[in-house]
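Be aware that the sequence shown starts at 439, since it is given in the numbering used here, and climbs by one per residue.
We put the beta carbon where it would ideally sit given N, CA and C, even for glycine.
Note that the structure is a prediction, hence the values are computed from the model and not measured.
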Amino acid sequence: IIHSMQTDSECESDVSSIADSSTTNQNQLVVNREHLLKRIDSLTQENRVLKVELEKYKLRLKASQQEVKQLKQ
439 IIHSMQTDSE CESDVSSIAD SSTTNQNQLV VNREHLLKRI DSLTQENRVL KVELEKYKLR
499 LKASQQEVKQ LKQ
């Protein structure tokens, strides 16, 4: 049976490759986290705008309902 033995430099290369991969993964996680935080901010702002718009339509509905009520009298 023949065993393949890695030289020290090959082992170092593998370790370096793993470390680079780990750094890349960390960077991707940071970028992904930042993207998600920006997305949360954007959705929070959009939610505020939609709530204001909803209140506006509720007021218009109430006014229309009162107008209909007055017209029926």
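Look at the alpha carbon of S480 and the alpha carbon of V487, and state the distance between them as a whole number of angstroms. In a straight line, the C-alpha of S480 is about 11 Å away from that of V487.
Does DSSP classify Q511 as helix, strand or coil? coil
CB-CB under 7 Å to Q511, same chain, minus the five flanking residues each way: which ones, in chain order? Cβ within range, chain order: n/a, list empty.
Suppose you measure from the CA of Q468 to the CA of K507; what does that come to, to the nearest Å? The question names Gln, yet the displayed sequence has Val at residue 468. One C-alpha to the other measures close to 58 Å.
Output the distance between the C-alpha atoms of H473 and T462, rounded to the nearest integer angstrom. When rounded, the distance between both Cα atoms is 16 Å.
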